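Asks:
Number of protein chains: 2
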Amino acid sequence: EIVAAIEAALAVGPLVGRHVLVTSGPTHEPIDPVRYIANRSSGAQGTAIAVALRDLGATVTFVTGPAAVPAPNGVAVVRVETAAQMLAAVEAALPADAAVMAAAVADWRVANASGQKMKKHGSGQVPSLEFAENPDILSSVSKGLMRPKLVVGFAAETERVAEYAAAKRLRKGCDWIVANDVSPQTGIMGGTENAVTLITEAGAEVWPRMGKDAVARALAARIAASLA
Amino acid sequence: EIVAAIEAALAVGPLVGRHVLVTSGPTHEPIDPVRYIANRSSGAQGTAIAVALRDLGATVTFVTGPAAVPAPNGVAVVRVETAAQMLAAVEAALPADAAVMAAAVADWRVANASGQKMKKHGSGQVPSLEFAENPDILSSVSKGLMRPKLVVGFAAETERVAEYAAAKRLRKGCDWIVANDVSPQTGIMGGTENAVTLITEAGAEVWPRMGKDAVARALAARIAASLA
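Residue numbers (this note's numbering), protein chains in the order written: chain A, -13 to 214; chain B, -13 to 214.
(1) Against B/GLN102, what residues of chain A qualify as contacts under a CB-to-CB distance less than 8 angstroms, listed in chain order?
(2) For A/ARG118, which residues in chain B fall below 7 angstroms Cβ to Cβ?
(3) What residues from the stretch 163 to 178 of chain A come within 7 angstroms of chain B, judged by C-beta to C-beta, listed N to C?
(4) Can you check DSSP and say which residues form a bridge with A/TRP299?
(5) Quick check: is the beta carbon of B/ARG26 nearer than 8 angstroms to any beta carbon in chain A?
(6) So that I know if they touch, is there some Cβ in chain A lying closer than 8 angstroms to that of B/PRO19?
(7) For B/ASP199, which residues in the same chain have their Cβ closer than 7 angstroms to its Cβ, ignoring the five residues on either side in sequence?
(8) Leaving out five residues on either side along the sequence, give the residues of the same chain with a beta carbon under 7 angstroms from the beta carbon of B/MET104.
(9) Which bits of chain A does B/LYS198 rub up against, with CB to CB less than 8 angstroms?
(10) Anyone know if the C-beta pair for A/VAL49 and A/ARG40 falls short of 8 angstroms?
(11) At a CB-CB cut-off below 7 angstroms, which residues of chain B make contact with A/ASP93?
(12) Does the distance from the C-beta atom of A/ARG21 to that of B/ASN180 stay below 8 angstroms?
(13) For A/TRP162 versus A/VAL138, is the C-beta distance shorter than 8 angstroms?
(14) Using 8 angstroms as the limit for Cβ to Cβ distance, is B/ILE23 near chain A?
(15) Given that B/LEU115 touches chain A, what residues does it touch there, using C-beta distances under 7 angstroms?
(16) Assuming B/LEU124 and B/MET87 are in contact, meaning their beta carbons sit under 8 angstroms apart, how far apart are those beta carbons, in whole angstroms?
(17) Which whole-angstrom value is the C-beta distance of B/VAL55 and B/THR9, which I expect to be below 8 angstroms?
(18) Considering only the alpha carbon of each residue, which of A/THR183, A/PRO194, A/MET132 lies closest to A/TYR150?
(19) Let me know the alpha helix (DSSP H) ranges lying completely inside the stretch 75 to 155 of chain B, each 4 residues or longer, listed in chain order.
(20) A/MET196: which of A/PRO134, A/GLY177, A/VAL147, A/GLU187 sits nearest, CA to CA?
(21) Identify the continuous beta strand (DSSP E) that holds B/LEU1 and give its terminal residues.
(22) Would you check if the stretch 129 to 148 of chain B and the stretch 164 to 176 of chain B touch, i.e. whether three or more CB-CB distances between them fall below 8 angstroms?
(23) Using 7 angstroms as the cut-off, classify the Cβ of A/LEU7 as near or not near the heavy atoms of the ligand PLP, replying yes or no.
(24) A/LEU7 by DSSP, collapsed to three states: which one?
(25) Measuring alpha carbon to alpha carbon, tell me which of A/GLY101, A/LYS106, A/GLU15 ends up nearest A/VAL91.
(26) Would you mind sorting B/GLU119 into buried or exposed? The rule is 16 or more other CB atoms within 10 Å of its CB.
(27) Just grab the DSSP bridge partners of A/GLU179 for me.
(28) Measure the C-alpha to C-alpha separation of A/LEU115 and A/THR186 and round it to an integer number of angstroms.
(29) Is A/LEU156 buried or exposed, if buried means 16 or more other CB atoms sit within 10 Å of its CB?
(30) Just how far apart, CA to CA, sit B/ALA153 and A/ASP83?
(31) Going by DSSP, name the residue or residues bridged to B/ASN59.
(32) Helix, strand or coil for B/PRO170? Go by DSSP, reduced to three states.
(33) Could you check the C-alpha separation between B/LEU7 and B/ALA38 for me, to the nearest Å?
(34) Would you mind working out which of A/ALA97, A/VAL201, A/ALA190, A/ILE209 sits nearest A/ILE174, comparing C-alpha positions?
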């Protein structure tokens, strides 16, 4: 903590004086007191991006769901569990110069979550879960009154990655989309490498497969250039 | 590994020469390639029980779902993800002198899991998940042809703990049930302590709240006495 504070005070780098919001990790949506819906995001890519931005001198607010990898030092960590909590934390963290929305936010929550553990009654009876669409955090930030100058979204796809991501960029109103293929055979979700396609107004850039740390440094450098 | 092998070879203790099967951790049930249904079991209690049995000299097969705590040394670890995989691993591990079924197995799986990531289409459309009841591993072991002499089940309840657990013991056909209250306010699920009620043929014993390690040692000693 002290070392991080000293490092921040001594920081040099293109992002000194800039506030960047980074979201990371999965969200968990409760079904009942013991069960929840999760996703395979480890938080590794979002964490690496927060580190890379910090290392370029940025003041980073790091809003994270229950991730497998530990949160970095030298950033302001806000821990949340659900998508609704993440939206509230993101709104509280604005204004920011840039927002990198790397969290894998659950699209749906369970509308009829139970306060008691649901019982198995045998004889083939199964629970009936009703779903409600979660708030769209990327869209909300991109179209909000407090919109950062640069908003970067993420797209985790299993098919037609660049096509879906380009459509997502327009629909959400963000500036860039970092798209990747999370098909199980790629080993990307939960792994240490990433194969990214960066979607900007100018089109799609297919980046070579590299470590998530290297992706993070490349993206942070692009963010610094964009804010310069 | 080597140390564990030497310790096993030199083992003394009441369970030397006994094979005990322990299941532990949550199971994850896929919804699509990136989403799954999980539960809050950390695997801490099952892991502590495997350690305690090992330390009494038992040969332990440890079948574990994706747990938060690491699997112990000196036991045979079999890693699974879903309830169906856990059943297969349990059947493959028999025969055993005793089985301690501490895993928090998902009661239901998603019957219509998708091979591609489900898309959010906007305008309030939500997914429709169909559930199917998972195999009942505790019942299957308790009533199976390869039934261990002692079968210990677990019950995680949020209300009427002893009553529900005693009914579960009869329904499943196991010898004992280790019951606990996993209401969020207890901090037990995911925590380091446990407050256990042991249900046997003789009735219900309410154990004082203690560390999960202490619960494990007490239970392992009872198992050793039962197999003696």
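Positions of the beta carbon are idealized from the N, C-alpha and C atoms, including for glycine.
Nothing here was measured: the structure is a model prediction, and the numbers come from that model.
Replies: In short, the structure shows the following:
(1) Walking along the second sequence from the start, residue 102 of chain B turns up at place 116. THR144, GLU145, listed in chain order.
(2) Translated into positions along the first sequence, residue 118 of chain A becomes position 132. The residue asked about is misnamed: residue 118 of chain A is Ala in this sequence, not Arg. Within 7 angstroms Cβ-Cβ: VAL112.
(3) Within the stretch 163 to 178 of chain A, the residues whose Cβ lies closer than 7 angstroms to any Cβ of chain B are, in chain order, VAL168, SER169, PRO170, MET175.
(4) In this structure chain A extends from -13 to 214, so residue 299 of chain A is not present and cannot be described.
(5) Translated into the one-based positions of the second sequence, residue 26 of chain B becomes position 40. Taking Cβ atoms only, chain A reaches closer than 8 angstroms to B/ARG26, which makes this a yes.
(6) Counted from its first residue, the second sequence places residue 19 of chain B at position 33. Chain A contact via Cβ: present.
(7) By 1-based counting over the second sequence, the position of residue 199 of chain B is 213. The answer, listed in chain order, is ALA34.
(8) Position 118 of the second sequence, counting from 1, holds the residue named residue 104 of chain B. ASP18, PRO113.
(9) Position 212 of the second sequence, counted from the start, is the residue given in the question as residue 198 of chain B. Per Cβ cutoff of 8 angstroms: no residues; B/LYS198 is ~17 angstroms from chain A at best.
(10) Taking the first residue of the first sequence as 1, we reach residue 49 of chain A at position 63. Taking the first residue of the first sequence as 1, we reach residue 40 of chain A at position 54. Not closer than 8 angstroms, so no.
(11) Residue mapping note: residue 93 of chain A aligns to position 107 of the first sequence, counting from 1. Simply LYS106.
(12) Translated into the one-based positions of the first sequence, residue 21 of chain A becomes position 35. Translated into the one-based positions of the second sequence, residue 180 of chain B becomes position 194. B/ASN180 sits away from A/ARG21, with the two beta carbons spaced by 8 angstroms or more.
(13) As a first step, residue 162 of chain A is located in the first sequence; it is residue number 176 there, counting from the start. As a first step, residue 138 of chain A is located in the first sequence; it is residue number 152 there, counting from the start. Cβ distance < 8 angstroms, so A/TRP162 and A/VAL138 count as in contact.
(14) Residue numbering aside, residue 23 of chain B sits at position 37 when the second sequence is read from its first letter. Yes, because at least one Cβ of chain A sits closer than 8 angstroms to the Cβ of B/ILE23.
(15) One-based indexing of the second sequence puts residue 115 of chain B at position 129. Within 7 angstroms Cβ-Cβ: LEU115.
(16) Indexing the second sequence from 1 puts residue 124 of chain B at position 138. Indexing the second sequence from 1 puts residue 87 of chain B at position 101. With a Cβ gap of about 5 angstroms, B/LEU124 and B/MET87 count as contacting.
(17) For the purposes of this step, residue 55 of chain B is taken as residue 69 along the second sequence, with counting starting at 1. For the purposes of this step, residue 9 of chain B is taken as residue 23 along the second sequence, with counting starting at 1. Wrong, their Cβ atoms sit about 14 angstroms apart, outside the cutoff.
(18) Here residue 150 of chain A refers to the residue found at position 164 when the first sequence is read from its first residue. That would be A/THR183, whose Cα lies nearest to the Cα of A/TYR150.
(19) If we require 4 residues or more, the alpha helix (DSSP H) runs fully inside the stretch 75 to 155 of chain B come out as 123 to 128.
(20) Locating residue 196 of chain A in the first sequence gives position 210, counting from the first residue. The shortest Cα separation from A/MET196 among A/PRO134, A/GLY177, A/VAL147, A/GLU187 belongs to A/GLY177.
(21) Along the second sequence, one-based indexing puts residue 1 of chain B at 15. First-last for B/LEU1: undefined, no H or E at that position.
(22) yes
(23) No copy of the ligand PLP appears in this structure; indeed no ligand is present at all.
(24) The residue labelled residue 7 of chain A in the question sits at position 21 within the first sequence. If DSSP states are grouped into helix, strand and coil, A/LEU7 belongs with the strands.
(25) Residue numbering aside, residue 91 of chain A sits at position 105 when the first sequence is read from its first letter. For A/VAL91, the closest alpha carbon among the candidates A/GLY101, A/LYS106, A/GLU15 is that of A/GLU15.
(26) Residue mapping note: residue 119 of chain B aligns to position 133 of the second sequence, counting from 1. Under this definition B/GLU119 is a buried residue.
(27) Position 193 of the first sequence, counted from the start, is the residue given in the question as residue 179 of chain A. Beta-bridge annotation (DSSP): A/GLU179 is paired with A/GLY197.
(28) Position 129 of the first sequence, counted from the first residue, corresponds to residue 115 of chain A. Position 200 of the first sequence, counted from the first residue, corresponds to residue 186 of chain A. Between A/LEU115 and A/THR186, the C-alpha separation is close to 38 angstroms.
(29) Looking up residue 156 of chain A in the first sequence gives position 170. Per the 10 Å Cβ criterion, exposed.
(30) Counting from 1 along the second sequence, the entry for residue 153 of chain B is found at position 167. Counting from 1 along the first sequence, the entry for residue 83 of chain A is found at position 97. Distance between the alpha carbons of B/ALA153 and A/ASP83 is about 59 angstroms.
(31) In the second sequence, the residue the question calls residue 59 of chain B occupies position 73. Bridge partners of B/ASN59: none, in fact.
(32) As a position in the second sequence, residue 170 of chain B is number 184, starting the count at 1. Looking at B/PRO170 - three-state DSSP - the assignment turns out to be helix.
(33) Position 21 of the second sequence, counted from the start, is the residue given in the question as residue 7 of chain B. Position 52 of the second sequence, counted from the start, is the residue given in the question as residue 38 of chain B. Taking the straight line joining both Cα atoms gives about 13 angstroms.
(34) For the purposes of this step, residue 174 of chain A is taken as residue 188 along the first sequence, with counting starting at 1. Looking at the Cα atoms, A/VAL201 is the closest of the given residues.
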